[in-house]
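There are 2 protein chains.
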Amino acid sequence: MTLTELQKKFVLHWGEMGARWGINRTVAQIHAVLYLSPRPLDAEEIADTLGVARSNVSNSLKELQGYNIVRIVHTLGERRDQFECMKDVWEMFRLILDERKRRECDPTLQMLRETVSEAEKPSTGDAYTAARLNEMLQFFELMSNWYDQTRKMSTPAVIRLCKLGDKVAKMLGIAG
Amino acid sequence: MTLTELQKKFVLHWGEMGARWGINRTVAQIHAVLYLSPRPLDAEEIADTLGVARSNVSNSLKELQGYNIVRIVHTLGERRDQFECMKDVWEMFRLILDERKRRECDPTLQMLRETVSEAEKPSTGDAYTAARLNEMLQFFELMSNWYDQTRKMSTPAVIRLCKLGDKVAKMLGIAG
DNA sequence: CGAATATTTCTGTTTATACAGAAATATCTG
DNA sequence: CAGATATTTCTGTATAAACAGAAATATTCG
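Protein sequences appear in the order of chains U and B. Per our numbering, residue 117 is the first one in the first sequence, and the count goes up by one each step. Per our numbering, residue 117 is the first one in the second sequence, and the count goes up by one each step.
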């Protein structure tokens, strides 16, 4: 597989953006290649396409599988593992968010619950810290609950809601 | 300023989480210290508290000011710049999102518009790539518009909406 | 205006991550 | 089960980011 200039532009940008959000550049590039590929690719093809080592591809694919957005598929008469990427963009981002919430937000929630609980003991005697930590905890709790609830909605329903934008507030009579 | 064990726990966690989201560890730690501090701190105090170099603090504070969540304040009879952090958690995250959208999402939107426009030329003749890029573009356009619209809402209104969670869809009769 | 203090910029070093290539392991096929 | 092929793990190296400390610049005050 050889990338066209157009595809290269997307792949490089995607890698760059991934890096800014704490996702390894190569991981993001591989994701981009698989996203654009009309057929599953094997690891060696990916390594050749991007000019990176086979082992690097192997580890990066593991990472992408950890996000549940890439999976192994097998073709009859082909011994190699092949990889395909989820093509539904909405579903893809929802899966990525699921995982990042699990890895980063949930532990933060736990930490905040612990520190708030400790800070609010009268013996600690640091009301200001307690108040700040508690406000942060409230924020994370609310966001977490909001995410969990909207997560249960179907993608088309979420899209419809997003399209309404701030009209939602007006329709529900929630003052700006 | 010396951090209590409790404060250390928060500061270290915050630094770690920042790093996972592409924000420099020290930048996030300084943010955490300022967030917990009931009074503005000067750069040297911060450097001492965290045990990092003065220059490092200087650059990190610039970064935080770039996010508009930290600002310089002056006290009468004090020559040094002092820094204070926004304490309203909601407003803080909204400002961070503003900036990340500007730095990362907007350029991605631009890239996608360019590549889609190019990919859809008949001469390019790669219908599959064009379709994938276009779907990604639709997603980013929708999210971007949604963000811009909800951004105009007041924080209390956003909070009320979040608290409703998936009830919003039910109230509006949007099927799950 | 000169001394003192504060801040930023610059430069070299350190450190953590990303990575390649080799080695080891696993899997398939005849 | 032996040979071939595919995959993963391991280890050392390269690279880019983070950082400290020094130097340069700016600001304040007597």
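We treat Cβ as the ideally placed atom computed from N, Cα and C, and that holds for glycine.
Would you please state the rounded distance, in angstroms, between the beta carbons of residue i and residue j? I believe it to be under 8 Å.
i      : j      : result
R276/U : I290/B : 5 Å
Y151/B : C201/B : 5 Å
L122/B : E236/U : The pair is not a contact, with the Cβ atoms about 11 Å apart (cut-off 8 Å).
Would you say residue i and residue j are within 8 Å of each other, going by their C-beta atoms?
i      : j      : result
C221/U : F255/U : no
A159/B : L177/B : yes
G138/U : W137/B : yes
V232/U : L253/U : yes
M117/U : S153/U : yes
T57/U  : D242/B : Chain U is shown from 117 up to 292; residue 57/U falls before or after that span and cannot be answered.
M269/B : A285/U : yes
L128/B : F126/U : no
V143/U : E194/U : no
Q145/B : L166/B : yes
L288/B : M287/U : yes
S260/B : L228/B : no
I185/U : I162/U : no
Give me the chain U residues within the contact set of residue i, using Cβ-Cβ distance strictly less than 9 Å, ordered along the chain.
i      : result
A159/B : Neighbours of A159/B on chain U: none; closest Cβ ~21 Å, over 9 Å.
P154/B : Y244, T245, R248
What does residue i reach in chain B if we use C-beta pairs closer than 8 Å?
i      : result
M227/U : K125, F126, H129
E220/U : M133, R136, W137
T191/U : The contacting residues do not exist; T191/U stays about 19 Å from chain B at best.
T224/U : H129, M133
Cβ closer than 7 Å: which chain U residues qualify as neighbours of residue i?
i      : result
G182/B : Chain U residues near G182/B: none, gap ~14 Å exceeds 7 Å.
G281/B : N261, W262, Q265, T266
A273/B : A285, I290, A291, G292
Using a Cβ-Cβ cut-off of 7 Å (strictly less than) and excluding sequence neighbours within five positions of residue i, which residues of its own chain qualify?
i      : result
P156/U : V189, Q198, F199, E200
T266/B : V274
V168/B : T142
P238/U : none
T191/U : Q198
Using a C-beta to C-beta distance shorter than 8 Å, which residues of chain U count as neighbours of residue i?
i      : result
F255/B : V205, W206, F209
L258/B : I275, C278, K279
T231/B : L122, K125, F126
Taking Cβ-Cβ distances shorter than 7 Å, what residues in chain B pair up with residue i?
i      : result
I162/U : Correct list: empty, because the minimum Cβ distance to chain B is about 17 Å.
S252/U : A small fix is needed here, since residue 252/U is Met in this sequence, not Ser. Under the 7 Å cutoff, chain B gives V205.
M287/U : L288
R355/U : This structure does not reach residue 355/U, given that chain U is present from 117 up to 292, and the question cannot be answered.
A235/U : L122
Can you tell me which residues form a DSSP beta bridge with residue i?
i      : result
I188/U : F199/U
D158/U : Q198/U
So, at 8 Å on beta carbons, what are the nonlocal neighbours of residue i in its own chain, with the 5 sequence-adjacent residues on each side left out?
i      : result
T271/U : D204, W206, E207, R210
T245/U : A235
N140/U : G134, S176, E179
D164/B : M117
Y183/B : L211, I212, E215
K217/B : S260, Y263
N172/B : T142, A163
Note down, in chain order, every chain B residue with its Cβ under 9 Å from the Cβ of residue i.
i      : result
M269/U : D282, A285, I290, G292
T240/U : T120, L122
Near residue i, which residues of its chain fall below 6 Å by C-beta distance, leaving aside the five closest residues on each side in sequence?
i      : result
T240/B : none
R196/U : D158
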